[in-house]
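Trainee:
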Amino acid sequence: MVTAVEAPDRLFGKAIKRREDPRLITGAGSFLDDIKLPGMTHAVLVRSPYAHARIRRIDTSAAEKMPGVLGVFTGQDFMDVNPLPAAWQAAGVKNNAVTPRVLAVNEVHQVGDPVAVVVAEDRYLARDAADAVVVEYDPLPVVVDAKKATEPGAPQLHEEAPNNIVLEWTCGKDEATVDAALEQSEVRVSSHLINQRLIPTAIEPRGSIGKYDPATDEYTLWATSQAPHVHRLLLGAFVLGVPEQKIRVISPDIGGGFGSKIFLYYDMPLVLALSKKLGGRPVKFFEDRSENYLTTTHGRDHITDIEIGATRDGKITALKVKTYANLGAYFSTVAAGIPTTLYGRMLAGCYKIPAIHCKVIAAYTNTAMVDAYRGAGRPEAAYVIERVCDLVAQATGVDPAEVRRRNFIQPEDFPYDTGVGMLPYDSGDYEKALNRALELVGYEQLRQEQKARRERGDSKLLGIGLSSYVEVCGIAPSKWIGLPGEGWGAGLWESANVRVHLTGKVVVTTGSLPHGQGHETTFAQLVADELGIPYEDVEIQHSDTLGTPFGFGTYGSRSLAVGGVAIYRSLQKIKEKAKKLAAHLLEAAEEDIVFENGKFYVKGSPDSAKTFADIALAAHVAYDLPPGMEPYLDETTYYDPPNCTFPFGTHVCVVEVDRDTGEVKLLRYVAVDDVGNVVNPLIVDGQIHGGIAQGLAQALYEGAVYNDDGQLVTGTLESYAAPKAHMVPTYELDRTVTPSPTNPLGVKGAGEAGTIAATPAVANAVIDAVSHLGITHLDMPLTPERIWNAINQAARS
Amino acid sequence: MFPSAFEYHRPSSVQEAVQLLANNPEAKVLAGGHSLLPAMKLRLAAPAALVDIGRIPGLRGIQVSGDGSVVIGALTTYLDLLDSGELRQGYPIIAETANVVGDPHVRARGTLGGSLAHCDPAADFTAVMLALNASVKAVGTGGERIIPVDDLFVGLLTTSLNPDEIITEIHLPAVGGRKLGMAYEKHAHPASGYAVVGVAAVIEIDGNTAKSVRIGVTGAPEYAKRATAAENALTGQQLTADAIAQAANVATEGLGELNGDVYASPEYRAHLVRVMTRRALTRAAGLS
Ligand SMILES: Cc1cc2nc3c(=O)[nH]c(=O)nc-3n(C[C@H](O)[C@H](O)[C@H](O)COP(=O)(O)OP(=O)(O)OC[C@H]3O[C@@H](n4cnc5c(N)ncnc54)[C@H](O)[C@@H]3O)c2cc1C
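Just so you know, the protein sequences line up as chains A and B, in that order. For what it's worth, the working numbering labels the leading residue of the first sequence as 25, then goes sequentially. For what it's worth, the working numbering labels the leading residue of the second sequence as -3, then goes sequentially.
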């Protein structure tokens, strides 16, 4: 494994085990459903069985009389609670952002829409009473497909959004220019790609506990939240109209989120409002898996047409993309940003493409809301451009690896502007990662083996799939992401406070927070290195708006590149002050002070050193400070980076397709990723592993299916194929290291890379296996039946 | 996932259990609970009472006699089946199948009696027991009887058991001096792990010929059934790749309308039945 920082005494680059794990693995964690408060009550929702209907009547009388029931409420009881806010108003979203209310009023727009809530002494009683609420509906026509939703005569979901259109958005060169470039291209290919809807499937579903304190008029919310500060802000300023300082949000241990826990959900204000109605008794809501599948956000769901122009030797000359993005029944918190900024603006991939035009039409349908899901827009973009490379390869006869090589942005081109409105790519060496991956997998031999099998008519077809991806991480620069009309109208900086106790022990409070990523370990490694103190002396605190500085949360692979850098900067400030104090105590000039391995000494006399703990004590007792210096070592940073970071790499997947049944066997999976400098290789490998599992699961297994009535057919884990250990191969990982020039740590981000890269690698491998039969494209998930059908059809034609 | 309220009984004998069933027509037997409890949690089943037979002594265990005949207690788990060295001697297909049921948790809790009584259209052992020509011992308030598995499965999630009857034992015939070849082929659903299609084949091999053939098919038909057309096609034939392929080609005949879902259509299931029958027969015949 290659690591950039070789100094042996540093923790930066060391694969130490996560300090979180003993607690989490032994069941000693505290997740939302573990929390029991005195007097706690339980809320269960009555949900719509219809995907689209008018609510005629709700009769709560029978339920109200049932044992243990404390109250039954409908949407009319919460007209003083505002709908949830639409936080990311990408260009084109005007007044048509329709967001959910805590409970539906008058109309439901998806199966599972909450129409009433029962609060009872325990969850069993609440659930029984919920079954006793009688709701009469007048069903309305349903549409579940984004493209059909925009066609004339389609059922209309919201008055505010004619033709169900949320936004129409373009990026890149104007259409006419790209049409002309296509016209002039030697080779032209077009294709129709469906990036199917996925369900994030965090092991822990979502939930919230609300507690109102009538004595202080304060609210506390425990929520499965990837962004507690943002949730507090949105709840206070937009939904409840309560001053922010009167709300505290706590995010306990989180069992995964994959994006689905970034957003503000109806249950969060609901439990707070209910607790107030009940005079301050805490109210817990915790969705079960079926509810999670129905109403927690989904991901992807694009219908895309592409037109490609290329030269005969495989250089891409023009790309035109038109995408229908399904946003579901309502506008989720940052939904508009995903198919626009994070998708359209990443369509160039790793390649120099002179003419790109992308148009995105996002639509409402009678399905679950769609928002960010691991990778968020970038997997959809990588899928398009990596399919484009293979389509060009197939049309020109140039090897797929060579097509990529011929189009790569070169190392000397950085910073590189792809011309589609993304910030300039920071750094990269795409060919190096590709070459390493090909070498590891033994590409040439595999191609020969493939040829041999084809020639002898072997029923086990070999396929080799490549994916050279680039993604955007460290999502931040406020001046870019906050731009009204483009971004979400607010910054995305991060914060960190570093406090040194009198004993020299260090507490870091951070606005970033983990939901599986190991922040407590990685951040502590940084601190121990910078201050030269034992790793055990560092405590990382997070996840509670009381006691942590404002942070925007964990998503977009941004914790280290933004939040970690905020910590790093605070540490520099601490060191600077400590050095001044050391100079004072050692009676030397500051310039003559050396700080090394946790010790301050005067250049040339390391024997009379002050330890970091000595300085911490001196700063705290404060009777001998230099003139003008404040007591204590305590520094805060709000860090807003100048650019995003752009990790990249090449993944290669090798599959065997059974010609008789269409079954796919994963033979090899090689991933060479470049995530910049690596603080903890073990954690990065874990992120890559999990990411690949999710990415390949989209290619082979997962797919949320609604029928024409808007019922989720894949509504349980018995029908929705989330990947399990026996369904994924052994990963062969390697890295190249191209530090990011954007931040002082040189880090890029690793949380989503695997997911982004894996889907096209696996899809390309399967299609490659059957390409000699004349098959150019297959939609995902690549189930045996789909492949078998394609082979049969190819054989017939 | 919260079931409706129910009463809970824990009888200590089979007699007490069947009496409870007779007295509570809305009651259900609880064995390993790995089919019943999920259904209750989804509120697809809401029995008024559960009769938990899990602690009744003598219902768990495997006995192999000198002639190779086998008695398996109804509460015997998949894990027990997997671990039994004796069973592997005459009936290796049982361990082979137990190994592909669900996951380790399911195998540790799920029981053979429960699987047969539940008659899930995608269960594995239904097909295997058909192929093995097994029978069950059923005990009710009216006494006990032996039901050949051929007569046990009668519809989707439906058996010929009376509401007050409990399966107490599963019987496998004596092997005697016969040479039996057997194999189970499974195409597992990527989400549930259940059989999209499962084919169990048992061939009595006499020299080079198939003296008798039994094939159980699960997943594809409405409930587990025998592929009699394929059995007949191969019976008495020389065990060659050709003969097996011809038999496999008619494997769907007589299975009735086949299941379809978003994962696999009836057409694809039919194709799998044919391919997997060929593979199961080939292995059972020792040709692979
Ligand atoms: C995640 C998961 C995956 C699974 N995968 C598979 C798989 O791949 N293949 C497969 O075959 N099965 C699978 N199963 C089902 C599992 O094998 C069940 O445990 C089994 O089918 C039923 O056995 P049980 O002991 O759990 O029965 P229970 O759930 O206790 O009972 C099932 C039904 O049978 C009745 N019953 C039980 N025992 C008796 C008896 N002795 N006499 C009369 N009636 C009785 C009960 O009243 C009930 O109606 C899976 C289950 C789960 C939860």
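Note that CB positions come from ideal geometry on N, CA and C, so glycine has one too. Predicted model only: the values in this text are computed from it and were never measured.
Taking the DSSP output, what are the residues bridged to TRP193(A)?
Mentor: VAL384(A)
Trainee: Is GLU455(A) close to ligand 1? I mean its beta-carbon at under 8 Å from any heavy atom of the ligand.
Mentor: no
Trainee: How many whole angstroms separate the CB atoms of ALA18(B) and ASP160(B), which I take to be in contact at a CB cut-off of 8 Å?
Mentor: 4 Å
Trainee: Can you list the beta strand (DSSP E) stretches of 3 or more residues lying completely in the region 11 to 73 of chain B, in chain order?
Mentor: 23 to 26, 45 to 48, 58 to 60, 66 to 69
Trainee: Can you confirm whether the region 790 to 800 of chain A touches the region 652 to 669 of chain A when touching is taken to mean that 3 or more C-beta pairs between the two stretches lie within less than 8 Å?
Mentor: no
Trainee: Could I get the ranges of all uninterrupted beta strand (DSSP E) runs contained in the region 123 to 156 of chain A, with 3 residues as the minimum, in chain order?
Mentor: With a minimum length of 3 residues, the unbroken runs of beta strand (DSSP E) contained wholly in the region 123 to 156 of chain A fall at 138 to 144.
Trainee: Of the residues ALA225(B), GLY189(B), CYS115(B), which one's Cα is nearest the Cα of GLY250(B)?
Mentor: ALA225(B)
Trainee: Is DSSP giving GLU343(A) helix, strand or coil here?
Mentor: Here residue 343(A) is Leu; the residue named in the question, Glu, does not match the sequence. DSSP places LEU343(A) in strand when its eight states are reduced to three.
Trainee: Say yes only if the C-beta of PHE619(A) is nearer than 8 Å to one or more non-hydrogen atoms of ligand 3, and no if none qualify.
Mentor: As far as ligands go, the structure on display features ligand 1 and does not contain ligand 3.
Trainee: Which residues of chain A have a Cβ atom closer than 7 Å to the Cβ of VAL213(B), listed in chain order?
Mentor: In chain order: nothing, as chain A lies at least about 16 Å away.
Trainee: Please confirm whether ARG477(A) has its beta-carbon closer than 9 Å to some beta-carbon of chain B.
Mentor: Interface criterion not met: the Cβ of ARG477(A) is under 9 Å from no Cβ in chain B.
Trainee: Could you list which residues in chain B have their beta carbon closer than 7 Å to that of ASP312(A), in chain order?
Mentor: Contact note: ASP312(A) reaches chain B through MET(-3), using a C-beta cutoff of 7 Å and chain order.
Trainee: So, ASN701(A) versus PHE36(A), is the Cβ gap smaller than 9 Å?
Mentor: Result yes, Cβ atoms of ASN701(A) and PHE36(A) sit closer than 9 Å.
Trainee: Say yes only if the C-beta of ILE163(B) is nearer than 8 Å to one or more non-hydrogen atoms of ligand 1, and no if none qualify.
Mentor: yes
Trainee: Taking 8 Å as the cut-off, does the region 377 to 392 of chain A touch the region 464 to 478 of chain A (at least 3 CB pairs, one atom from each stretch)?
Mentor: no
Trainee: Among GLU82(B), ILE240(B), ASN255(B), which residue has its Cα nearest to the Cα of ALA206(B)?
Mentor: ILE240(B)
Trainee: Between which two residues does the alpha helix (DSSP H) containing ALA460(A) stretch?
Mentor: Ala is not the amino acid found at residue 460(A); the sequence shown has Arg there. DSSP places ARG460(A) inside the alpha helix (DSSP H), whose first and last residues are 454 to 465.
Trainee: Do THR107(B) and ligand 1 come close, with the Cβ less than 8 Å from some heavy atom?
Mentor: yes
Trainee: DSSP puts MET178(B) in a beta bridge; with which residues?
Mentor: VAL198(B)
Trainee: Would the C-beta of LYS24(B) count as close to ligand 1, meaning under 8 Å from any of its heavy atoms?
Mentor: yes
Trainee: Applying the 10 Å Cβ sphere with the 16-neighbour rule, what's the burial state of GLU227(B)?
Mentor: Buried, because 16 or more other Cβ atoms sit within 10 Å of the Cβ of GLU227(B).
Trainee: Comparing C-alpha positions only, which one of PRO186(A), ILE82(A), GLU183(A) sits nearest to ASP155(A)?
Mentor: If we check each option's Cα against that of ASP155(A), ILE82(A) comes out closest.
Trainee: Going by beta carbon distance, what residues of the same chain come within less than 7 Å of GLU614(A), once the five residues before and after it are set aside?
Mentor: LYS603, LYS604, ALA607
Trainee: If you measure from the beta carbon of VAL246(B) to each beta carbon in chain A, is any gap under 9 Å?
Mentor: Output row for VAL246(B): interface = no.
Trainee: Rounding to the nearest angstrom, what Cα-Cα distance links ALA13(B) and GLY98(B) in this structure?
Mentor: 28 Å
Trainee: Would you grab the beta carbon distance between LEU490(A) and VAL676(A) for me? Rounded to a whole angstrom, and I think it's under 8 Å.
Mentor: 6 Å
Trainee: Between the region 732 to 748 of chain A and chain B, which residues of the former have CB atoms less than 7 Å from a CB of the latter, in chain order?
Mentor: VAL737, THR738, LEU741, GLU742, SER743, TYR744, ALA745
Trainee: DSSP puts TYR662(A) in a beta bridge; with which residues?
Mentor: BP columns for TYR662(A) point to SER519(A).
Trainee: Just grab the DSSP bridge partners of GLU563(A) for me.
Mentor: VAL531(A)
Trainee: Is the distance from the Cβ of SER232(A) to the Cβ of VAL295(A) below 9 Å?
Mentor: yes
Trainee: Can you pull the chain B residues whose beta carbon is under 9 Å from the beta carbon of MET751(A), in chain order?
Mentor: PRO186
Trainee: Chain A partners of SER0(B), CB-CB under 7 Å?
Mentor: ASP152
Trainee: Report the residues of the region 275 to 296 of chain A with a CB closer than 9 Å to any CB of chain B, ordered along the chain.
Mentor: Within the region 275 to 296 of chain A, no residue has a Cβ that lies closer than 9 Å to any Cβ of chain B.
Trainee: With DSSP as the reference, label VAL167(A) as helix, strand or coil.
Mentor: coil
Trainee: Of all the CB atoms in chain A, is at least one closer than 9 Å to the CB of HIS30(B)?
Mentor: no
Trainee: Using a Cβ-Cβ cut-off of less than 8 Å, list which residues of the region 255 to 277 of chain B approach chain A; keep chain order.
Mentor: ASP257, VAL258, TYR259, ALA260, SER261, TYR264, HIS267, LEU268, VAL271
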